[in-house]
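Protein chains in written order, with numbering that gives the first Met the number 0: chain W, 0 to 100; chain U, 0 to 170; chain P, 0 to 398.
No residue lacks a Cβ here, since even glycine has one placed at the ideal position from N, Cα and C.
Worksheet: the structure to be examined is printed underneath.
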Amino acid sequence: MLPVGYYIALSSFMFAVGAVGVIVRRNPIIMLMCIELMLNAGNLALIAFSRWNASMDGHVFVFVVITAAAAEAAVGLGIIVAVFRQKSGDIDMDSLSEMKG
Amino acid sequence: MTAELAVFITMGAAAAVTASAVVLSKNTVHAVIYLVMNLFSIAVLYLALSAQMVAFLQIIIYAGAIMVLFLFTVMMLNMTGAVEAAEDRLLKQKPLAAALGLMLIAEVVMGTVGLFSKPSGSMAIEDGFGSAGEVGSRLFFGYMLPFEVTSILLLAAIVGSVVLARKKDEE
Amino acid sequence: MPISELVIFIIVKAALAVVIFALWMTMVPVMIWVERKVIADIQARLGPNRVGPFGIIQPIADAVKLIFKEDILPKSADKIVYALAPAMLMVPAVLAISVIPIGGTVTIGSRSFALQILGAYKSPGLTVPELDAGILLVIAFSSLGVYGVALSGWASGSKYSLLGGMRSSAQMLSYELPLGVSLLGPIVLAGSLKLTNITNAQKDMGIWFVLPQLTAFVVFFISGLSETNRAPFDLPEAEQELIGGYHTEYSGFRFAMFFMAEYLSMVTISALAVTFFLGGWRMPFIDIVWLGPVWFAAKVMAMLYIFVWVRGTLPRVRYDQLMRIGWKAMLPIAAINVIFTAAIVTWMPNAGAAYLSAAGVGFAVLTFAFVSMVLKRNIGRSVDERLKRVLGRGQEAFR
Numbered sequence: 000m001l002p003v004g005y006y007i008a009l010s011s012f013m014f015a016v017g018a019v020g021v022i023v024r025r026n027p028i029i030m031l032m033c034i035e036l037m038l039n040a041g042n043l044a045l046i047a048f049s050r051w052n053a054s055m056d057g058h059v060f061v062f063v064v065i066t067a068a069a070a071e072a073a074v075g076l077g078i079i080v081a082v083f084r085q086k087s088g089d090i091d092m093d094s095l096s097e098m099k100g
Numbered sequence: 000m001t002a003e004l005a006v007f008i009t010m011g012a013a014a015a016v017t018a019s020a021v022v023l024s025k026n027t028v029h030a031v032i033y034l035v036m037n038l039f040s041i042a043v044l045y046l047a048l049s050a051q052m053v054a055f056l057q058i059i060i061y062a063g064a065i066m067v068l069f070l071f072t073v074m075m076l077n078m079t080g081a082v083e084a085a086e087d088r089l090l091k092q093k094p095l096a097a098a099l100g101l102m103l104i105a106e107v108v109m110g111t112v113g114l115f116s117k118p119s120g121s122m123a124i125e126d127g128f129g130s131a132g133e134v135g136s137r138l139f140f141g142y143m144l145p146f147e148v149t150s151i152l153l154l155a156a157i158v159g160s161v162v163l164a165r166k167k168d169e170e
Numbered sequence: 000m001p002i003s004e005l006v007i008f009i010i011v012k013a014a015l016a017v018v019i020f021a022l023w024m025t026m027v028p029v030m031i032w033v034e035r036k037v038i039a040d041i042q043a044r045l046g047p048n049r050v051g052p053f054g055i056i057q058p059i060a061d062a063v064k065l066i067f068k069e070d071i072l073p074k075s076a077d078k079i080v081y082a083l084a085p086a087m088l089m090v091p092a093v094l095a096i097s098v099i100p101i102g103g104t105v106t107i108g109s110r111s112f113a114l115q116i117l118g119a120y121k122s123p124g125l126t127v128p129e130l131d132a133g134i135l136l137v138i139a140f141s142s143l144g145v146y147g148v149a150l151s152g153w154a155s156g157s158k159y160s161l162l163g164g165m166r167s168s169a170q171m172l173s174y175e176l177p178l179g180v181s182l183l184g185p186i187v188l189a190g191s192l193k194l195t196n197i198t199n200a201q202k203d204m205g206i207w208f209v210l211p212q213l214t215a216f217v218v219f220f221i222s223g224l225s226e227t228n229r230a231p232f233d234l235p236e237a238e239q240e241l242i243g244g245y246h247t248e249y250s251g252f253r254f255a256m257f258f259m260a261e262y263l264s265m266v267t268i269s270a271l272a273v274t275f276f277l278g279g280w281r282m283p284f285i286d287i288v289w290l291g292p293v294w295f296a297a298k299v300m301a302m303l304y305i306f307v308w309v310r311g312t313l314p315r316v317r318y319d320q321l322m323r324i325g326w327k328a329m330l331p332i333a334a335i336n337v338i339f340t341a342a343i344v345t346w347m348p349n350a351g352a353a354y355l356s357a358a359g360v361g362f363a364v365l366t367f368a369f370v371s372m373v374l375k376r377n378i379g380r381s382v383d384e385r386l387k388r389v390l391g392r393g394q395e396a397f398r
């Protein structure tokens, strides 16, 4: 196996890129996708460490994380669709700063 | 140059490039395609790490179902990504964002790359590591409660998204 | 591990890949001809008979025409995605071939390998086991095929294509679940995910899995029909409906790629059905290795004939009926079949082939009768009526 640091470096790069994406972008779909990027980075780190320690617990963890990401994506997209019905045109997340719809 | 190093360099580069492309892309559909490519590269890296079951699960669930959901939403709502050209609130917001973002990425990577780069030996794995049977037995013997709670979470997500996206009649 | 072993390994695998891929690709023109002739026969007419004897050269004539057609690019199309989308449909269809075993293990001297691209390979210096989760690879690549359809619909830049693309991809997604879950039945019976083990288990048990798992076979077949957009589920590509759906704006070779991808997936689904339910390459009494692929090909041709037969016989299903069947009938039936199979395997592990077949056929008849009775009862009733029958309150109570 390669030194685990290689995989962790890649995972941290992806995580940081995802974090920057969530902060910088305004389009809600792209923000959700950057959140998925961050979750993926975490999964990669989990699998790398699981291989390094020869333990299958990391795989089970990743299984649950993928499932939770699916649930979160579904609900998040539902929210976006519901918000989109209220406003016409593209949604600017920066302007959606109040709870009142 | 072992096979694993070659796979890591190609797929790692693909993952890094496509991840940056997701953040930098102007067109939303292109961003979805880049993320799918990223998920696929990560799945190949999982295969290099002997995680067969998780790799295929990633392709089936993540790249094959969740991202299709994203694609449907983008296509149905016809999001063009033109919202990025809206007015900035702070002065010189965009260059500041770029500079600070790059600093964050550099800090995070430098913080982790020094930790584990000593090639200390990984523990030996047995033959069936990462196969479906192993994941299944570990999941059902020992992590049964999280499994059931996850299924309830999925049920909650299904009900929630149906309620959210339902058309309400006008009064 | 000496380098010469690695070289021989690569040569053997490359040769296998070329041969199996060539076999699959030659099935495409054969299927074009067979389909048109058989449908013509069902419809009491002649079919292609101008080009060559019995119209055999017809597929080649079609291919030549399509290659020489003008390559259109609509003005409002997204150029890169428009060019990539047929490839995103075709590549997964081709890659799914890599786990299907067409024959048994060939032993040459001290080396033995299975007739499967990602199959087992044993030699003095190098042992590569078979891909453990072969069936997952096929399901994964059929999930990736949805992108080709959705993106080609979107990238064409026209409303009909977008609608057709979304409908077709929703259809493919809905039937992926029954496809996968129905395959769990034979997997539970055989006790392994590897395709060669499933085929060998059918020989060891003495019976094809189609009888103990008749429900799974029917669900798999119907889901396979829908996955490949074949009739009676070909609403997105019917000319009377959406003009052509997601491939309206494509012409020339790209159009040919869509149809090649469809025929390739059809052959792959047939090959999977043969592997899981019809005994694969194993022959009844003899065990000659080199006859395995021939027997396998014969069974695949029989399944393909059934595909074409269904196309010529059944009328097209409406889109909402299609979705209803997929979610309300196919998925529950497949899931109950898995539970039933698991129960039998747990409580009666020594059940003989006859007992299993009787249980399987009986279960199939009961399940399909019950589900069709339930679904038929509600035809023609609105959602309001159905809610009132079950709950006593109509739709108003839930607003």
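To the nearest angstrom, report how far apart residue i and residue j are at their CA atoms.
i, j, result
"V98(P)", "A270(P)", "11 Å"
"I65(U)", "V28(U)", "14 Å"
"A47(U)", "G127(U)", "14 Å"
"E170(U)", "A189(P)", "Low confidence applies to E170(U): its pLDDT is 38, below 50, so where it sits in the model is not reliable, and the reading given next is rough at best. Answer to the nearest angstrom: the Cα atoms are 58 Å apart."
"M52(U)", "F275(P)", "20 Å"
"S3(P)", "A260(P)", "37 Å"
"I134(P)", "L192(P)", "7 Å"
"W410(P)", "R281(P)", "Because residue 410(P) is not part of the residues shown, which for chain P are 0 to 398, the question remains open."
"V307(P)", "A43(P)", "15 Å"
"I8(U)", "Y6(W)", "10 Å"
"I268(P)", "Y262(P)", "10 Å"
"F367(P)", "S173(P)", "19 Å"
"D383(P)", "E395(P)", "8 Å"
"L162(P)", "G4(W)", "47 Å"
"G279(P)", "K387(P)", "50 Å"
"Y146(P)", "L88(P)", "7 Å"
"I31(P)", "M24(P)", "12 Å"
"R392(P)", "I378(P)", "19 Å"
"A16(P)", "E133(U)", "30 Å"
I want to verify the contact list: residues of chain U whose CB lies under 9 Å from the CB of residue i, in sequence order.
i, result
"L313(P)", "Neighbours of L313(P) on chain U: none; closest Cβ ~28 Å, over 9 Å."
"W153(P)", "V28, L70, V73, M74"
Along chain U, which residues have their Cβ under 7 Å away from the Cβ of residue i?
i, result
"I34(W)", "What I34(W) touches in chain U: nothing, since even the nearest Cβ is about 11 Å away."
"G20(W)", "V21, V22"
Does residue i come within less than 8 Å of chain B when only Cβ atoms are used?
i, result
"F128(U)", "Checking the listed chains, one finds no chain B in this structure; the protein chains it contains are W, U and P."
Taking residue i as the query, report the chain W residues whose CB atoms sit under 7 Å from its CB, ordered along the chain.
i, result
"A30(U)", "I29, M32"
"L38(U)", "N39"
Closest to residue i by C-alpha separation, out of the options, would be which residue?
i, options, result
"A95(P)", "L130(P), K78(P), A113(P)", "L130(P)"
"I10(P)", "I116(P), A353(P), L277(P)", "I116(P)"
"K158(P)", "N77(U), V108(U), K93(U)", "N77(U)"
"L182(P)", "G205(P), G163(P), V209(P), D203(P)", "V209(P)"
"P331(P)", "L355(P), V370(P), V316(P), A297(P)", "V370(P)"
"G54(P)", "K74(P), V373(P), L374(P), V33(P)", "V33(P)"
"A107(U)", "F60(W), S10(W), H58(W)", "A small fix is needed here, since residue 107(U) is Val in this sequence, not Ala. Looking at the Cα atoms, S10(W) is the closest of the given residues."
Check whether chain P comes within 8 Å of residue i, counting only Cβ atoms and requiring the distance to be less than that.
i, result
"A156(U)", "no"
"E169(U)", "Because the pLDDT of E169(U) is 46, which lies under 50, any placement of that residue in the model is unreliable, and the number read from its coordinates should be weighed accordingly. Chain P, which has no Cβ nearer than 8 Å to the Cβ of E169(U), makes this no."
"E141(U)", "One detail in the question is off: residue 141(U) reads as Gly in this sequence, not Glu. It does not: the Cβ of G141(U) has no partner Cβ on chain P nearer than 8 Å."
"G100(U)", "no"
So is residue i in contact with chain U if we call contact Cβ pairs under 8 Å?
i, result
"L1(W)", "yes"
"V11(P)", "no"
"L95(W)", "no"
Using a cut-off of 8 Å between C-beta atoms, extract the partners of residue i located in chain U.
i, result
"M37(W)", "Near M37(W) there are no residues of chain U at all, since even the closest Cβ is about 10 Å away, more than 8 Å."
"G41(W)", "Within chain U, no residue comes near G41(W); the closest Cβ sits about 11 Å away, beyond 8 Å."
Under 8 Å, Cβ to Cβ, is there at least one residue of chain W near residue i?
i, result
"A15(U)", "yes"
"G63(U)", "no"
"G132(U)", "no"
Is residue i near the ligand FMN, with its Cβ less than 7 Å from a heavy atom?
i, result
"A42(U)", "As far as ligands go, the structure on display features none, and thus does not contain the ligand FMN."
Residue i touches chain W at which residues, Cβ-Cβ below 8 Å?
i, result
"A123(U)", "A53"
task = Determine, using beta-carbon pairs with one atom in the region 164-175 of chain P and one in the region 118-131 of chain P, whether at least three such pairs fall under 8 Å.
result = Taking 8 Å as the limit for Cβ pairs, the verdict is that the region 118-131 of chain P does not touch the region 164-175 of chain P.
message = Using a Cβ distance threshold of 8 Å, determine whether the region 30-45 of chain U contacts the region 66-79 of chain U, with at least three qualifying pairs required.
response = Taking 8 Å as the limit for Cβ pairs, the verdict is that the region 66-79 of chain U does touch the region 30-45 of chain U.
query = Can at least three beta-carbon pairs, one atom from the region 189-198 of chain P and one from the region 299-312 of chain P, be found at a separation below 8 Å?
reply = With a cut-off of 8 Å, the region 299-312 of chain P and the region 189-198 of chain P do not count as touching, because too few Cβ pairs lie within range.
ask   = Can we say the region 100-120 of chain P touches the region 288-295 of chain P, given the rule of at least three CB pairs closer than 8 Å?
value = Judged by Cβ distances under 8 Å, the region 100-120 of chain P makes contact with the region 288-295 of chain P, as three or more pairs qualify.
inquiry  = Count Cβ pairs between the region 63-81 of chain W and the region 152-168 of chain U that sit closer than 8 Å; are there 3 or more?
reply    = With contact defined as three or more Cβ pairs closer than 8 Å, the region 63-81 of chain W and the region 152-168 of chain U are in contact.
request  = Could you tell me whether the region 244-252 of chain P touches the region 144-162 of chain P, where touching means 3 or more Cβ pairs closer than 8 Å?
outcome  = Flag = yes, the region 244-252 of chain P and the region 144-162 of chain P touch.
query = Taking contact to mean at least 3 C-beta pairs separated by less than 8 Å, is the region 64-73 of chain P in contact with the region 5-23 of chain U?
reply = Short answer: they don't touch.
key: Sufficient close CB pairs (3 or more, under 8 Å) joining the region 344-361 of chain P to the region 205-219 of chain P   = Per the Cβ contact rule, the region 344-361 of chain P is in contact with the region 205-219 of chain P (3 or more Cβ pairs under 8 Å).
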